[in-house]
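> According to mature numbering (1 follows the signal peptide of the UniProt record, and there is no 0), the residues represented by the sequence shown are -45 to -1, 1 to 439, in order. Glycine included, each C-beta is placed from N, C-alpha and C at the ideal position. On a predicted model such as this, the values are computed, not experimentally measured, just so you know.
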Amino acid sequence: MPINMSTAPAKPRMRHWLHRSTLALAMSTAMLAGVYTTAIPSAHAAVTTADFSDLVQQVTPAVARVNVTKTVSEAELAKAQTAELLRQFFGDRLRIPDQAATPAIEHAYGTAFFVTTNGYMLTNHHVVEGADKITVTLNDRTELDATLVGSDERSDVAVLKVSGKQFPALPIGDSNGLKVGEPVLAIGSPFGFDYSASAGIVSAKSRNFSRDTSVPFIQTDVALNPGNSGGPLFNQRGEVIGINSRIFSGTGGYMGLSFSIPIDAAMDIYEQLKTNGEVARAYLGIYPQDIDRNLAEAYNLARPQGALLTRVSPDSPAQKAGLKSGDIILQYNDVQIMRASDLLNLLNRAKPNDAFHVQIQRDGKRMLARGTLAYAPNDVRAQSGDQQDNDIQLGLRLRDLTADEQAELAVDNKTGILVTTVDPTGLAARSGIMAGDVITNFHQKPIKKVTDFSSAISTLPKKGVVTIEVIRQGIPGIIGLRIE
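1) Where are the alpha helix (DSSP H) runs, 4 residues long or more, that stay fully inside the segment 161 to 236, in chain order?
2) Let me make sure I understand the geometry here. Which of N303, N300, G128, G277 has the alpha-carbon closest to that of Q314?
3) Sort F148, V170, I196 by Cα distance to P181 and report the nearest one.
4) What residue does the alpha helix (DSSP H) around H312 start on, and which one ends it?
5) What residue does the beta strand (DSSP E) around Q12 start on, and which one ends it?
6) Pick out whichever of I438, I156, N190, A221 has its Cα sitting closest to the Cα of D9.
7) If you run the structure through DSSP and keep just helix, strand and coil, what is R258?
8) Starting from the C-beta of G419, find all residues in its chain whose C-beta is less than 8 angstroms away, skip the five residues before and the five after it, and write them out in chain order.
9) Determine whether the beta carbon atoms of N300 and V170 lie at a separation below 9 angstroms.
10) Leaving aside the five residues before and after L125 along the sequence, list all residues of the same chain whose C-beta is less than 7 angstroms from its C-beta, in chain order.
11) Spatial neighbours of S213 within its chain, please: C-beta separation below 6 angstroms, excluding the five flanking residues on both sides.
12) Kindly indicate which residue of S200, G232, A305 has the alpha-carbon position closest to the one of F172.
13) Can you find the residues in the same chain that come closer than 8 angstroms, C-beta to C-beta, to Y238, ignoring five residues on each side of it along the sequence?
14) Is the beta carbon of G74 sitting closer than 9 angstroms to the one on F7?
15) The beta strand (DSSP E) with D100 in it runs from where to where?
16) Using only the alpha-carbon positions, how far apart do G(-12) and G326 sit?
17) Taking G193 as the reference, give the member of I426, M389, Q12 with the closest Cα.
18) For the alpha helix (DSSP H) containing I412, name the first residue and the last one.
19) Do you know whose CA, among G261, Y242, G350, G128, lies nearest R248's CA?
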């Protein structure tokens, strides 16, 4: 994909934050990106009358700085440092490890917090992604080694565990009970400044973005910056109601829009990762869209409401329940649906084999449909290699591309399979393969289906490097997978 090297301002975009290199690098990067500017009083500045001083002292011991180290090549480290500047304007980089370069150590940090007294902690997936070693530093400067229990990219939630007892676990609140305008507090390590507190209000609820996420974000005007990722968002009672995850920015720094993962959704992910090591998601098989004023009039609705189904996947739970393209879902399990995001939020919280009933409007008539949710189709583990004599543990979860994904990802000749999950301890993760990559060629063999990948694994050598051709964010690249 060509890069437009124009001088026009970059469009604001959603950013995951994983701070890289030293504090000095972060500060220089921030200065070059325009983050550090002279403060100018503004009549539009956010104002809050809440006094969080006592609360900060109360909850700070349960918040920790996350320190991450990762082995990378010197060439990759240099690219990362340069890309930290360039991606403010041109988007995320394509990471292709240089196997011939001398290994180096990359440092990163974020924030985490205790949810149990026996050492379980929550943070962001993007904070610990690809980490070789994770440590957490408590507010009394105690440093502890942390184990990654599990991590889920789609929700951006990760679970850590440290050894010990009697940790100060934070109380968990109810994010569903939040009100727009309610004061909130964040604690984290922006740009490496430990235990920085920032406050604001809830600006909006149930913000949905692209399909790379599966949670309805809490939008606030709390000042979040690199290093705040994974930190807790508190209500006035000192209860955690969110995990700080991303900002909306065109400069790389805070611009007034911050987003947090609702703690209700995060705790559901936490329980699944803690128990099963992975997250099982439900599948209905629909493509919904919002209804605007014109569509509301066309479908004889009193006002724009509901989720209009533009497509129902064949042999899906939706089709088996009798749903059709053109149906309008007005209620899901007795919950009113005003927008398509309302429906998606409910489905993202559901589990496979859950029963559902929906009230729909079809041809001007109201009717009820019932069914049972299923597991996502073609979402299978690439385990074939694990059964070979060489016992290759790739640590991948793959599925075939849908026709829509083939068109969206601009995959030529309908070739490629989607990487949905990468085990951080597997060979694939260590070689730089990421969730969201589309594998088009593996070990010199074209890959069109997951079954092609399974067959290709059976021909792998016991040791050495094989090539994997991928498409990442529309850009082709080649990754060297070292088998050892």
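Let me lay it out:
1) Whole alpha helix (DSSP H) segments, 4+ residues: 218 to 231.
2) Answer by Cα proximity: G277.
3) Minimum Cα distance to P181 is reached at F148.
4) H312 -> not in any alpha helix (DSSP H); beta strand (DSSP E) instead, spanning 310 to 317.
5) Note, Q12: premise wrong, no beta strand (DSSP E); alpha helix (DSSP H) at 8 to 14.
6) Minimum Cα-Cα distance from D9 among the listed residues I438, I156, N190, A221 corresponds to N190.
7) Coil, per DSSP.
8) For G419, where only same-chain residues beyond five positions count, the Cβ hits under 8 angstroms are R437, I438.
9) Their beta carbons are under 9 angstroms apart, which means N300 touches V170 by this criterion.
10) In chain order, V14, A17, F68, F69, V70, P187, V195 place their CB closer than 7 angstroms to the CB of L125, counting only its own chain and leaving out the 5 sequence neighbours on each side.
11) These residues qualify, in order along the chain: T175, V177, L179, I202.
12) It is S200.
13) Counting only Cβ-Cβ distances below 8 angstroms, and skipping sequence neighbours, we find S271, P272, P307, L328, A329, Y330, A331, P332.
14) Going by C-beta atoms, G74 is not nearer than 9 angstroms to F7.
15) Element bounds for D100: 98 to 107.
16) Because the pLDDT of G(-12) is 37, which lies under 50, any placement of that residue in the model is unreliable, and the number read from its coordinates should be weighed accordingly. Their Cα atoms are separated by approximately 53 angstroms.
17) Here the closest residue by C-alpha is Q12.
18) In the DSSP assignment, I412 falls within the unbroken alpha helix (DSSP H) covering 405 to 412.
19) It is G261 whose Cα lies nearest to the Cα of R248.
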